[in-house]
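This note's numbering puts the first residue of the sequence shown at 1, with every later residue one more than the last.
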Amino acid sequence: MQRVAALPQPVIAAVEGVAVGGGLELALACDLRVASETAMFGMPETTLAIIPGAGGTQRLSRLIGVSRAKELIWTGRRFSGEEAYHLGVVDKVVKSGHALDAAMSLAWQIAANGPIAIQASKEAIDQGLTVSTMEEALEIERQCYGRTLPSKDRLEGLAAFAESRTPIYTGQ
């Protein structure tokens, strides 16, 4: 799961069916999650006398808060895509059969932006959460921002804005 979470590009989960246990842990390792309203989620491990062991206790609590994560993990109850959205487990809920299309639409929106900036912002966000002070987090952000400044993509973005046209990014 950590290898998925550590990918430099955004990873989007599309959940149509059941994502319980390891399936939910895999979705939690993704940056964004889209689910159908009929999708089912859960962390049933405690009902089997174990705990989520692939990052579920850590990722879920960071995503939705400690108290809510404890309730879901300790009870092992299942919850719908709609409830997952209200809890903050998923970022978007769509009609049944449309999760993949919605995830792809989101991916295309992201892909239209500067790839260096997308990777740098993902690193800034993810690494900023691992340090203990805001000053350390802001230093990580400054370093990531600094990597975007000399890029050709930044110059292309500024030129496209000035010329009222869509930028064409090359990842350079």
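We put the beta carbon where it would ideally sit given N, CA and C, even for glycine.
Computed from a prediction, not measured in an experiment: that's the story for all the values here.
(Q) Using a Cβ distance threshold of 8 Å, determine whether the region 91 to 104 contacts the region 153 to 172, with at least three qualifying pairs required. (A) In short, these stretches do not touch, since the Cβ pair count stays below three.
(Q) On the CB-based measure, 16 or more other CB atoms within 10 Å of its CB, does residue 12 come out buried or exposed? (A) buried
Q: Can you tell me which of 16, 49 and 25 puts its alpha carbon nearest to the alpha carbon of residue 34?
A: 16
Q: Whole angstroms is fine: what's the gap from residue 47's alpha carbon to residue 121's?
A: 38 Å
Q: Would you grab the beta carbon distance between residue 19 and residue 39 for me? Rounded to a whole angstrom, and I think it's under 8 Å.
A: 7 Å
Q. What did DSSP end up calling residue 92 once you bin it into helix, strand or coil?
A. strand
Q) Is the Cβ-Cβ distance between residue 56 and residue 43 less than 8 Å? A) yes
Q.
Tell me the residue span of the beta strand (DSSP E) that contains residue 66.
A. Bounds of any beta strand (DSSP E) do not take in residue 66; it lies within the alpha helix (DSSP H) bounded by 66 to 75.
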